[in-house]
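Q: Count along the sequence shown from 1, add 3, and you get the number used in my numbering.
Think of the CB as a built atom: it goes at the ideal place given N, C-alpha and C, for glycine as much as any other residue.
Structure below; questions to follow.
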Amino acid sequence: MVLPGDLDAERAAFAARLASATDLGAATRDKYQRNTAHFLAWLAEARQAGALDGDPLTDPAARDWSVRDYRRTLKNTRTARGTHLSAATINNRLAAIDAFFALRGSGRPDVVREHLGRPSAPRALDGRAKLRFLRVVARDASPRDRALCHLAYYAGLRIAEIVALDVADIRLSARRGSVRVRGKGRLGGKDRAVPLHAEARASLERLLDELGRPAAGPLVRNRDGQALSTRAANTAVCELGAAAGIGPSDDGEAFGPHVLRHTFGTDLVRGGSELAREPVDLVTVAELMGHADINTTRRYALPTEADKAAALEVLTVDR
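Right, here's the structure in full:
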């Protein structure tokens, strides 16, 4: 939907405020902008239909009422697979609207968040799916896309961190290697140095050879030689996942580079994998993954739905 002039101006002003007044990462800013644009489109339709009780942009009460109505709309929205939006998705939408009103000086809406169920471990690939994916990457991926996948799984980097890397951030020798990862957010955050697994080192060597061994410049590039966008990098990884039969068509769950990062964290915390034969302590994993709160890392020790189902298999059955 094309926004009316006043709401389109609000959208553009929010994007500018978001870039200059917060330290959110690029991916989060992009998500906030898209979610706010969706809310403004809903607002335009509700206004046209006469379904607003006052002006949400000038009246605090009307602001709260409109966001509550929007929340009800989200709760009744169905995805392409016919399912309702999750509580986490609705809360993410509401967080973007909070930022929109707060940054324009209107105050945060008084709206109750959705109740989140008991936390479980983030989605990670099981052993067979992981092997199948890595084989597809080895067989089909370009040096660039192989480096994307290996930095996500073998180093646990976020996709936004990968596309932000400069060639100068990579340190490689015959037996060792490390990558300097810039902290999240506009203000830089905390940098960290992540040691590189042998597979990741080999992939980076191939990529640097293809680039002609430059001394500086974006590590992951598009066809024009510029830094690859987060969205394009995400698409490249998802396409390789689809080729390996991983994604909604496999088990109904979405797949992307963050699943590879979750797999990295899970394999380290639980052990019993190529990355770590024995469990690695949470503090070390938190440092490697750039978690500011160790409770974020602790999620990888929680049971998955598969763990819960497997636990029931040990029960005695009298036949």
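Taking only the alpha-carbon atoms, compute the straight-line gap between Glu290 and Tyr303 and give it to the nearest angstrom.
A: For this step, residue 290 is matched to residue 287 along the sequence shown. For this step, residue 303 is matched to residue 300 along the sequence shown. The alpha-carbon atoms of Glu290 and Tyr303 are separated by roughly 14 Å.
Q: Contact between the region 100-120 and the region 256-269 is defined here as three or more beta-carbon pairs at a separation below 8 Å; is this criterion met?
A: Flag = no, the region 100-120 and the region 256-269 do not touch.
Q: Going by DSSP, which residues form a beta bridge with Asp169?
A: Position 166 of the sequence shown, counted from the start, is the residue given in the question as residue 169. BP columns for Asp169 point to Pro221.
Q: What does the Cβ neighbour count give for Pro260, buried or exposed, with the cut at 16 atoms within 10 Å?
A: Taking the first residue of the sequence shown as 1, we reach residue 260 at position 257. Buried, since its Cβ has 16 or more Cβ neighbours within 10 Å.
Q: Go through the region 49-129 residue by residue and report every complete run of the alpha helix (DSSP H) that reaches 4 residues or more, in order.
A: DSSP runs (the alpha helix (DSSP H)) wholly in the region 49-129: 63-78 and 90-106.
Q: Looking at Leu151 and Ala236, is the spacing between their C-beta atoms short of 7 Å?
A: Translated into the one-based positions of the sequence shown, residue 236 becomes position 233. Translated into the one-based positions of the sequence shown, residue 151 becomes position 148. It is a contact, given that the beta carbons lie within the stated cut-off.
Q: The beta strand (DSSP E) spanning Ala196 covers which residue range?
A: Translated into positions along the sequence shown, residue 196 becomes position 193. Start and end: Arg195 to Pro198.
Q: Measure the alpha-carbon distance for Gly248 versus Phe17 and round it to whole angstroms.
A: Taking the sequence shown and counting its residues from 1, one reaches residue 248 at position 245. Taking the sequence shown and counting its residues from 1, one reaches residue 17 at position 14. Cα to Cα, Gly248 sits roughly 39 Å from Phe17.
Q: For a quick check, are the C-beta atoms of Ala279 and Leu271 less than 7 Å apart?
A: As a first step, residue 279 must be located in the sequence shown, where it is residue number 276. As a first step, residue 271 must be located in the sequence shown, where it is residue number 268. Contact flag set, yes.
Q: Would you say Ala47 and Pro7 are within 7 Å of each other, going by their C-beta atoms?
A: For the purposes of this step, residue 47 is taken as residue 44 along the sequence shown, with counting starting at 1. For the purposes of this step, residue 7 is taken as residue 4 along the sequence shown, with counting starting at 1. Yes, the pair counts as a contact, with Cβ atoms nearer than the cut-off.
Q: Report the rounded CA-to-CA distance for Gly191 versus Ile165, giving the unit in angstroms.
A: Position 188 of the sequence shown holds residue 191. Position 162 of the sequence shown holds residue 165. Bear in mind that a pLDDT of 47 at Gly191, under 50, signals an unreliable position, so the number given afterwards is only what the model happens to contain. So the two alpha carbons sit approximately 15 Å from each other.
Q: Give me the Cβ distance between Leu154 and Ala205, rounded to the nearest whole Å; I'm assuming they're in contact under 8 Å.
A: Within the sequence shown, residue 154 is the residue found at index 151, counting from 1. Within the sequence shown, residue 205 is the residue found at index 202, counting from 1. With 8 Å as the limit, Leu154 and Ala205 do not qualify as a contact, their Cβ atoms being about 12 Å apart.
Q: In angstroms with no decimal places, state the Cα-to-Cα distance between Ala161 and Ala132.
A: Counting from 1 along the sequence shown, the entry for residue 161 is found at position 158. Counting from 1 along the sequence shown, the entry for residue 132 is found at position 129. This sequence places Arg at residue 161; Ala is not what is there. Using only the alpha carbons, I get a separation of about 20 Å.
Q: Count the other C-beta atoms from every protein chain shown that fall within 10 angstroms of the C-beta of Gly85, then say buried if there are 16 or more, exposed otherwise.
A: Locating residue 85 in the sequence shown gives position 82, where the first residue counts as 1. By the neighbour-count rule (16 or more Cβ atoms within 10 Å), Gly85 is not buried but exposed.
Q: Which class does Arg37 belong to by DSSP, given the choice of helix, strand or coil?
A: To locate residue 37, count along the sequence shown from 1; it is residue 34. Residue state, collapsed to three classes: helix.
Q: Following the continuous beta strand (DSSP E) through Arg183, name the residue where it begins and the one where it ends.
A: On the sequence shown, residue 183 is found 180 positions in, with the first residue counted as 1. Looking at the DSSP string, the run of the beta strand (DSSP E) that includes Arg183 is Gly180 to Val184.
Q: Using the three-state DSSP reduction, which class does Arg189 fall into: helix, strand or coil?
A: Here residue 189 corresponds to residue number 186 of the sequence shown, with the count starting at 1. Residue placement at Arg189 is poorly supported in this model, since its pLDDT is 45, which falls under 50; the coordinates are not used for a value here.
Q: Between Gly57 and Ala49, is the Cβ-Cβ spacing less than 7 Å?
A: Here residue 57 corresponds to residue number 54 of the sequence shown, with the count starting at 1. Here residue 49 corresponds to residue number 46 of the sequence shown, with the count starting at 1. Not closer than 7 Å, so no.
Q: Between the Cα of Ala309 and the Cα atoms of Val170, Leu222, Ser123 and Pro282, which residue gives the shortest distance?
A: Stepping through the sequence shown from its first residue, residue 309 is reached at position 306. Minimum Cα distance to Ala309 is reached at Ser123.
Q: Would you say Arg2 and Val139 are within 7 Å of each other, going by their C-beta atoms?
A: Nothing about residue 2 can be reported from this structure: the residues present for the chain run from 4 to 322 only.
Q: Between Lys311 and Val288, what straight-line distance do the alpha-carbon atoms span, to the nearest angstrom?
A: As a position in the sequence shown, residue 311 is number 308, starting the count at 1. As a position in the sequence shown, residue 288 is number 285, starting the count at 1. Taking the straight line from one Cα to the other gives about 24 Å.
Q: Checking 7 Å against the spacing of the C-beta atoms, do Arg32 and Leu21 come in under that value?
A: Position 29 of the sequence shown, counted from the first residue, corresponds to residue 32. Position 18 of the sequence shown, counted from the first residue, corresponds to residue 21. For Arg32 and Leu21, yes; Cβs fall inside 7 Å.
Q: Run the CB neighbour count on Leu168, radius 10 Å, all protein chains shown included, and call it buried at 16 or more, exposed below.
A: Stepping through the sequence shown from its first residue, residue 168 is reached at position 165. Its Cβ being crowded by 16 or more others within 10 Å, Leu168 is buried.
Q: In angstroms with no decimal places, state the Cα-to-Cα distance between Arg37 and Val320.
A: Sequence index remark: in the sequence shown, residue 37 carries index 34 (1-based). Sequence index remark: in the sequence shown, residue 320 carries index 317 (1-based). Rounded to whole angstroms, Arg37 to Val320 spans 52 Å at the Cα level.
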